[in-house]
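Q: The structure that follows is given in the form of structure tokens.
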Amino acid sequence: MAEISLTIKRVGPGDPISPPTLKVRDSQKLDALKRAIYQKTTIAPTKQSLSFNGNILQTGRSLAQLGLSDGSTIDLREYVDLPKYHFLLTMIRSHLHLAHNRGSGVHPNSLF
């Protein structure tokens, strides 16, 4: 039950986390770490995917059970809200269909 310092590295789009370190207890569950990350980044725990040494961390286990120790680096990926992006892709595709039908030479399916 020691206090450990973890570095959180954001992977993918978004601003880096500043400061990138969190102090937690190694006896805490992963859910507690996700809540601490939420307080620092406003990324909801349900939108976080955390990995360590290439392995996705599973909830329900303590940080020590997951192999995390003082100085470990956690990779944070944010799940994307697909409905929003699906809407944008649908709009782009419909505009490409219009352009194709007007003889632009660009086929909408060639881009996706």
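So the mapping is simple: the numbering used here equals the position in the sequence shown, first residue as 1, plus 1309.
Here a beta-carbon is modelled for each residue, glycine too, at the ideal position from N, C-alpha and C.
Since this is a predicted model, take the numbers as computed values, not measurements.
#1: What are the complete beta strand (DSSP E) segments, minimum 3 residues, inside the segment 1332-1407?
#2: Who does Ser1314 pair with in a DSSP beta bridge?
#3: Decide if the segment 1377-1384 is in contact with the segment 1311-1318; the criterion is three or more beta carbon pairs, one per stretch, under 8 Å apart.
#4: Suppose the cutoff is 7 Å on Cβ atoms and the five residues either side in sequence are ignored; what does the same chain contact list for Ser1336 look like?
#5: Considering only the beta carbon of each residue, do Gln1348 and Arg1386 sit closer than 9 Å?
A: If we stick to the structure as given:
#1: 1357-1361, 1382-1387
#2: Lys1332
#3: yes
#4: Met1310, Ser1371, Ala1373
#5: no
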